[in-house]
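The block underneath contains the structure these notes are about, expressed in structure tokens.
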DNA sequence: CAATATTTTTAACGATCGTTAAAAAGCCTA
DNA sequence: TAGGCTTTTTAACGATCGTTAAAAATATTG
């Protein structure tokens, strides 16, 4: 045995491509799923290994058996939801190039919110941890959140032919992402203002309407290259 | 002595209007100031009484001498920054009615960001605690955050004559507040994307430019009552 | 100055945190 | 079935949390 073999990862590693075995490492997957749920409810430092263990219906030290630390688990969760999102995001642009900006944004948001309904965790995890402490006390996987947005932006630039300047496109995309993340993640707040149920279709319709109202003029601008003022 | 007199608040209450005494309750004020700083850096459940004590250069149990609980202190801090903001906010509308939307928004944002530079805590406290847990584990003073936005909206509606529908105005104001809060509170994130220093004038200029770019078309819309599409 | 009231410090409580070590249980193969 | 490996459980560690009680220090009043 080498010194390196003392690393505390499970000995029987999961095959990267599970092929036939539908649930090769059920415990590890249960933990990721439970951790996603817990990290979607509490900021990194407030979420606890014990909460995650309880959500996964296991004893909490088992989490440390599959993940060397809370930080590593958090990064695994971020990677997981980011992959899920990234893969889905690409498909949302299908066929949009044949539409006008309004119809395109309309369809894109439909696909977006359809995903958000099925994967409520991703946006909350990001929103809960985006506002950072000044220097110290950094949240692990913070740079992965940056990657998350960077990929989204690249997808957009690749899929949508635009005539606007890079500056204009960045202003638009940052604002799009900011509004989307907040309206989807802080639904408890916004919905309570509006007197709607946070997770309801009605709330998502309000979000869609609002985002189209605010963003459509500038989307037209960066697509058609109109003058700014 | 009545039973009620056993409440553990300091016996010599601060006079509501300090009149002449410039620093009547210096310790209490020191605590509020330190707590504002700490709550601006960490979400409610991560910020600790001990951090606040250290920031105020006092022993931490003294915090509980002036405030019965962490929750009460947090509410006092929110009230403090909300009052500060509310009072300032009203003055930002002075003279805007004689301007066109673009010049008015420009000046309003200047005043807004000037305040933000001097009071960096307010927006971070709100942003750090706006995304809530589902049901349980509620952050104290959450409804005060709602009030905070509600007052802002009312100020806007009172000061700016508009022809748009209430729905349109609400969509605009919610998005305005969301963008402002995030760009100001999560400057660490956005500035790092742009390669700028988070608290710098240059970053605030980017925020201003971005908010004008995104919001000006719809501001014109709700002021002039133009057709939506 | 003495007595009283207020403010601050010290010490400790029960609870929860992330992590580790060791024992127990389950599983596979010889 | 026996022995070795993987997985799970149990127990415990040091640290930090909010809060309380009592002692000490300081300020106020007679």
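Chains as they are written, first to last, in the working numbering: chain A, 1 to 229; chain B, 230 to 458.
We put the CB at the ideal spot given by N, CA and C, even for glycine.
Query - Cross-chain neighbours of residue 375 of chain B in chain A, by beta carbon under 8 Å - result: Chain A residues near residue 375 of chain B: 189, 192 and 193.
Query raised in the report: Name the chain A residues that come within less than 8 Å of residue 443 of chain B, Cβ to Cβ?
Result: 171, 172, 175, 214, 215 and 218
Query raised in the report: Which full runs of the alpha helix (DSSP H) of 4+ residues lie inside the stretch 278–348 of chain B, going along the chain?
Result: 278–285, 290–295, 299–320 and 330–347
Query raised in the report: residue 267 of chain B by DSSP, collapsed to three states: which one?
Result: helix
Query - residue 355 of chain B to residue 410 of chain B span [Cα, whole Å] - result: 8 Å
Report task. Could you check what DSSP says for residue 351 of chain B in three-state terms: helix, strand or coil? Result -> In this structure, residue 351 of chain B counts as helix in the three-state DSSP scheme.
Requested in this report: Counting only the same chain and skipping the five closest in sequence on each side, list residues whose C-beta sits under 7 Å from that of residue 318 of chain B.
Outcome: 381 and 384
Query raised in the report: What are the boundary residues of the alpha helix (DSSP H) that residue 421 of chain B is part of?
Result: Here the alpha helix (DSSP H) through residue 421 of chain B covers 416–423.
Query raised in the report: Quick one: Cα of residue 259 of chain B to Cα of residue 99 of chain A, how far?
Result: Rounded to whole angstroms, residue 259 of chain B and residue 99 of chain A show a C-alpha spacing of 59 Å.
**Report entry** alpha helix (DSSP H) segment containing residue 451 of chain B, residue limits
**Finding:** 430–453
Query - Where residue 47 of chain A falls: helix, strand or coil (DSSP) - result: coil
Query - Same chain, Cβ closer than 6 Å to residue 265 of chain B, five either side skipped, listed in chain order - result: 306 and 350
Query raised in the report: Could you check where the alpha helix (DSSP H) with residue 394 of chain B kicks off and where it finishes?
Result: Looking at the DSSP string, residue 394 of chain B is not in any alpha helix (DSSP H), and its letter there is neither H nor E.
Query - residue 386 of chain B vs residue 398 of chain B beta-carbon contact at 8 Å - result: yes
Query raised in the report: Just curious, the alpha helix (DSSP H) that residue 383 of chain B is in, first and last residue?
Result: 371–388
Query - Spatial neighbours of residue 267 of chain B in its chain, beta-carbon cut-off 6 Å, leaving aside the 5 residues before and after - result: Excluding residues up to 5 positions away in sequence, 276, 280, 281 and 284 lie with their Cβ nearer than 6 Å to the Cβ of residue 267 of chain B in the same chain.
Query raised in the report: At a CB-CB cut-off below 7 Å, which residues of chain A make contact with residue 216 of chain B?
Result: Absent from the model: residue 216 of chain B. The displayed extent of chain B is 230 to 458, so no value can be given.
**Report entry** Reduced DSSP secondary structure (H/G/I, E/B, other) of residue 26 of chain A
**Finding:** helix
Requested in this report: Would you check if the distance between the CB atom of residue 202 of chain A and the CB atom of residue 196 of chain A is smaller than 8 Å?
Outcome: Residue 202 of chain A is a Cβ neighbour of residue 196 of chain A, given a cutoff of 8 Å.
Report task. Measure from the C-beta of residue 408 of chain B to each C-beta in chain A and report whether the shortest distance is under 8 Å. Result -> yes
Report task. Determine, using beta carbons only, whether residue 414 of chain B comes closer than 8 Å to chain A. Result -> It does; some Cβ of chain A falls within 8 Å.
Report task. Please state whether DSSP places residue 139 of chain A in a helix, a strand or coil. Result -> coil
Query raised in the report: To which residues of the same chain is residue 5 of chain A closer than 6 Å at the C-beta, ignoring the five residues directly before and after it?
Result: The pLDDT assigned to residue 5 of chain A is 35, lower than 50, so where the model puts this residue is not dependable, and the model offers no usable value.
Query raised in the report: Do residue 433 of chain B and residue 342 of chain B have their CB atoms nearer than 8 Å?
Result: Going by C-beta atoms, residue 433 of chain B is nearer than 8 Å to residue 342 of chain B.
Requested in this report: State yes or no: is the beta carbon of residue 119 of chain A nearer than 8 Å to at least one beta carbon in chain B?
Outcome: no
Query raised in the report: Hey, how far is the Cα of residue 436 of chain B from the Cα of residue 374 of chain B?
Result: 23 Å
Requested in this report: For residue 26 of chain A, collect the residues of the same chain with a Cβ closer than 8 Å to its Cβ; drop the 5 residues on either side in sequence, then sort them by chain order.
Outcome: none
Query raised in the report: What residue from A:49, A:106, A:41 and A:187 has the CA that sits closest to residue 200 of chain A's CA?
Result: A:187
**Report entry** Where residue 46 of chain A meets chain B, residues with beta-carbon distance less than 8 Å
**Finding:** 272, 274 and 275
Report task. Return the chain-ordered list of same chain residues with a C-beta closer than 6 Å to the C-beta of residue 315 of chain B, the five sequence neighbours on each side being excluded. Result -> 380
Requested in this report: Express the C-alpha separation of residue 171 of chain A and residue 443 of chain B in angstroms, rounding to a whole number.
Outcome: 8 Å
Query raised in the report: Cα separation between residue 184 of chain A and residue 361 of chain B?
Result: If you take the alpha carbons of residue 184 of chain A and residue 361 of chain B, they lie about 12 Å apart.
Query raised in the report: What separation, rounded to the nearest whole angstrom, lies between the Cα atoms of residue 292 of chain B and residue 278 of chain B?
Result: Computed Cα separation, rounded: 7 Å.
Report task. In angstroms with no decimal places, state the Cα-to-Cα distance between residue 216 of chain A and residue 313 of chain B. Result -> Each residue's Cα considered, the two are about 35 Å apart.
Report task. Could you say which of B:262, B:290, B:450 and B:440 lies nearest to residue 174 of chain A if we only look at CA atoms? Result -> Nearest C-alpha to residue 174 of chain A: B:440.
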